[in-house]
Amino acid sequence: MEENEMEMEQLLSMGFPDELAAQALAATGGQSTLKATEWILNHKSTPAAATTTTPTSTPPPPLPPINNNPSPFQPKLDLPHHLPTPHLNKKPAAAATTTTTTPTSTPPPINNNPSPFQPKLDRFFHFHSKPSTTNNSSPPPPNAAPQQEQPQKSTNPISKRPKLLLSKNPLPQQQQNDKPHEPLAERMRPRTIDNVVGQDHLLGTNSLLRSAIQCNRLPSIVLWGPPGTGKTSIAKAIVNSCSSSSSCSYRFVSLSAVTSGVKDVRDAVEDARKLRVSYSKRTVLFVDEVHRFNKSQQDSFLPVIEDGSIVFMGATTENPSFHLITPLLSRCRVLTLNPLKPHHVVVLLKWATDDLDKGLARSVGMRVDVNEEAVEFISANCDGDARVALNALEIAAISAAARVHGDQSKGVEGGTQGGNLLENEENGVCSLKAIVTLDYAKEALQSKHLAYDKDGDEHYNLISALHKSMRGSDADAATYWLARMLEGGEQPLYIARRLIRFASEDVGLADPSALNQAVACYQACHFLGMPECNVILAQCAAYLALAPKSVSVYRAIEAAQKVVRESVGQNEGVPLHLRNAPTKLMKELGYAKDYIYPPDNPSATQSYLPPSLQGYKFLDWPNSNKNDE
Numbered sequence: 001m002e003e004n005e006m007e008m009e010q011l012l013s014m015g016f017p018d019e020l021a022a023q024a025l026a027a028t029g030g031q032s033t034l035k036a037t038e039w040i041l042n043h044k045s046t047p048a049a050a051t052t053t054t055p056t057s058t059p060p061p062p063l064p065p066i067n068n069n070p071s072p073f074q075p076k077l078d079l080p081h082h083l084p085t086p087h088l089n090k091k092p093a094a095a096a097t098t099t100t101t102t103p104t105s106t107p108p109p110i111n112n113n114p115s116p117f118q119p120k121l122d123r124f125f126h127f128h129s130k131p132s133t134t135n136n137s138s139p140p141p142p143n144a145a146p147q148q149e150q151p152q153k154s155t156n157p158i159s160k161r162p163k164l165l166l167s168k169n170p171l172p173q174q175q176q177n178d179k180p181h182e183p184l185a186e187r188m189r190p191r192t193i194d195n196v197v198g199q200d201h202l203l204g205t206n207s208l209l210r211s212a213i214q215c216n217r218l219p220s221i222v223l224w225g226p227p228g229t230g231k232t233s234i235a236k237a238i239v240n241s242c243s244s245s246s247s248c249s250y251r252f253v254s255l256s257a258v259t260s261g262v263k264d265v266r267d268a269v270e271d272a273r274k275l276r277v278s279y280s281k282r283t284v285l286f287v288d289e290v291h292r293f294n295k296s297q298q299d300s301f302l303p304v305i306e307d308g309s310i311v312f313m314g315a316t317t318e319n320p321s322f323h324l325i326t327p328l329l330s331r332c333r334v335l336t337l338n339p340l341k342p343h344h345v346v347v348l349l350k351w352a353t354d355d356l357d358k359g360l361a362r363s364v365g366m367r368v369d370v371n372e373e374a375v376e377f378i379s380a381n382c383d384g385d386a387r388v389a390l391n392a393l394e395i396a397a398i399s400a401a402a403r404v405h406g407d408q409s410k411g412v413e414g415g416t417q418g419g420n421l422l423e424n425e426e427n428g429v430c431s432l433k434a435i436v437t438l439d440y441a442k443e444a445l446q447s448k449h450l451a452y453d454k455d456g457d458e459h460y461n462l463i464s465a466l467h468k469s470m471r472g473s474d475a476d477a478a479t480y481w482l483a484r485m486l487e488g489g490e491q492p493l494y495i496a497r498r499l500i501r502f503a504s505e506d507v508g509l510a511d512p513s514a515l516n517q518a519v520a521c522y523q524a525c526h527f528l529g530m531p532e533c534n535v536i537l538a539q540c541a542a543y544l545a546l547a548p549k550s551v552s553v554y555r556a557i558e559a560a561q562k563v564v565r566e567s568v569g570q571n572e573g574v575p576l577h578l579r580n581a582p583t584k585l586m587k588e589l590g591y592a593k594d595y596i597y598p599p600d601n602p603s604a605t606q607s608y609l610p611p612s613l614q615g616y617k618f619l620d621w622p623n624s625n626k627n628d629e
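Residue numbers (UniProt numbering): 1 to 629.
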């Protein structure tokens, strides 16, 4: 009895009516749900089923729309769901003869929580997916044929404003297969070195890289340059250009020193060796941010570069002289990349605007026009960083497109409100176009990015520029470099310490009060801090720049230290007459003997240098230290 109840529950969970399920279980013995289901299907496909039809006086109701997104737990048994419940309730004995009217009857509610014991009926699934080929015994009635087209039209619902996204130049269909959220800067990477913009000193006609590609002999290189100058793009373009121009292609493997370790390098090298033995194909191992590898990790590259297992290409934003080991630099050629010029950035931005496959049109889903003012503003304020420029352009285009949709939803038609344009084309189809204006570009770029690193090259470059500007008595340049350091986040006390050093090194005896100014500046910065102390630093820097200069003291101490290091005076002991004699024993040994006290004898002369250094002159100063009578 319990088995019959379980079978009955399973049939009900499939959507069968109670009476039909009971009749099927009674006919099959109630031992198998599968047999009961087959019994229902067999009675549906019997010839007698075609003898009973819906009266012609009552037209059949339209078919309900098909759910193209069923619940993942809903059984795919659509045919039993459409069985005519009212007819079965009136005539249980003739249930099998009334199944021909199922396409025109109202289906029973679907059970979205089927029993866990529901069997996988492949016949049902196959029948539901291909009804036209598997149900030849019971063709649909002629009057139901036009109604079957209605669910097919509802499978692809049309947007409320479909024609607003149409244009004369529709986007290619292949974009649907690309990564949906890939940034514009990544999509616009050049494929070959012919598409690379800028870096002409590396990619010129007779350059090292061009010659290596033509000879199909790529060297191991380290690409050093600021962010957004094309280090990764050039590495990929080199491999693509070499592979397309020769029969022997290269495989490009990319690792990041931030997330990879020695194990990843070893696995890549092992795969490279197998590939070279099996297919005579070499591997280019590209390591981004290679300066983040420590000394032992960088050592792992040495043997595989030496024996030619891989072609090494590294990218770094830090000075290789300080962050890469000497043996690795000995095996690689360091190539320096420069920040892009504004006209190079303009070319990249126009490419991104005109390219419908990978450019702005794909980012916003409509055509985009960019004003010349916006292009010039972004190219002039991106600091030669192509990634910053392209990201800013994409954000500006998204903002403009959002304004277009906002205006359209409010019923704004025509005109150029907010820099957006709604056009009417000749064929009567509306086409939306987003126009990126200067305001959008400013909003996207926000504040200008300052390239400054407190512990990197830029830190020392800027403090060197400040020092040299003050030494050259250029107060304007000194103020500018000081502002660059402060805006970059430099600690004011560090700058004040350097100003104290400058007061003695470069001003020195020409203006002894400069040292007092610098020390007072340090104390004031310590009391106030930023941002109030910026004026104090600027005052001191301007004073030191305008003060008279003398490096006599600096040269004197340098020369004296050199003499000591080289032991020119054999590091002799202090002459006896210059020694202190606080005790009787020291006086008996000759300490302070024959010493002349200058205040008592101003005109007297005596030697103060060791005998081997008599006549040496360290301080070159016009005023004599001797007091005139």
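Every residue, glycine too, gets a C-beta built ideally from N, C-alpha and C.
Residue i versus residue j - alpha carbon distance
| i | j | result |
| --- | --- | --- |
| residue 712 | residue 470 | Nothing in the structure corresponds to residue 712, since the chain is present only between 1 and 629. |
| residue 489 | residue 483 | 10 Å |
| residue 297 | residue 191 | 31 Å |
| residue 236 | residue 310 | 15 Å |
| residue 601 | residue 581 | 20 Å |
| residue 462 | residue 474 | 15 Å |
| residue 545 | residue 578 | 41 Å |
| residue 252 | residue 282 | 9 Å |
| residue 502 | residue 467 | 7 Å |
| residue 632 | residue 201 | Past the edges of the chain, shown from 1 to 629, lies residue 632, and the structure says nothing about it. |
| residue 41 | residue 17 | 14 Å |
| residue 591 | residue 576 | 5 Å |
| residue 607 | residue 476 | 47 Å |
| residue 249 | residue 299 | 27 Å |
| residue 257 | residue 622 | 59 Å |
| residue 585 | residue 596 | 20 Å |
| residue 630 | residue 43 | Beyond the ends of the chain as shown, which are 1 and 629, falls residue 630; an answer cannot be given. |
For residue i, the three-state DSSP class (helix, strand or coil)
| i | result |
| --- | --- |
| residue 286 | strand |
| residue 293 | coil |
| residue 439 | helix |
| residue 433 | strand |
| residue 631 | It is not possible to answer for residue 631, since the shown part of the chain is limited to 1 through 629. |
| residue 309 | coil |
| residue 632 | The structure shown does not extend to residue 632, since the chain is modelled only from 1 through 629, so no value can be given for it. |
| residue 527 | helix |
| residue 314 | strand |
| residue 621 | coil |
| residue 200 | helix |
| residue 223 | strand |
| residue 260 | coil |
| residue 335 | strand |
| residue 322 | helix |
Cβ shell of residue i (< 6 Å), same chain only, five flanking positions each side left out
| i | result |
| --- | --- |
| residue 305 | 220, 312, 331 |
| residue 323 | 291 |
| residue 348 | 197, 386 |
| residue 547 | 507, 511, 514 |
Proximal residues to residue i (C-beta, below 8 Å), its chain only, five neighbours per side dropped
| i | result |
| --- | --- |
| residue 416 | The predicted position of residue 416 is uncertain, since its pLDDT is 44 and thus under 50; a value taken from the coordinates is nonetheless stated next. Result list for residue 416: 435, in chain order. |
| residue 295 | 325 |
Beta carbon of residue i nearer than 9 Å to that of residue j
| i | j | result |
| --- | --- | --- |
| residue 288 | residue 255 | yes |
| residue 339 | residue 225 | yes |
| residue 193 | residue 241 | yes |
| residue 574 | residue 610 | yes |
| residue 504 | residue 564 | no |
| residue 204 | residue 384 | no |
| residue 37 | residue 12 | no |
Beta-carbon separation (whole angstroms), residue i vs residue j, contact threshold 8 Å
| i | j | result |
| --- | --- | --- |
| residue 516 | residue 445 | Not confirmed; about 44 Å, so no contact. |
| residue 619 | residue 556 | 4 Å |
| residue 506 | residue 551 | 6 Å |
| residue 391 | residue 183 | 7 Å |
| residue 367 | residue 374 | So it is not a contact: roughly 16 Å between Cβ atoms. |
| residue 538 | residue 479 | 6 Å |
| residue 301 | residue 328 | 6 Å |
| residue 222 | residue 284 | With a Cβ gap of about 13 Å, residue 222 and residue 284 do not count as contacting. |
Own chain residues within Cβ distance below 7 Å of residue i, not counting five before or after
| i | result |
| --- | --- |
| residue 27 | 39 |
| residue 232 | 288, 315 |
| residue 352 | 184, 188, 359, 360, 390, 393 |
| residue 364 | 397, 398, 401, 434 |
| residue 525 | 492, 493, 496, 533, 536, 537 |
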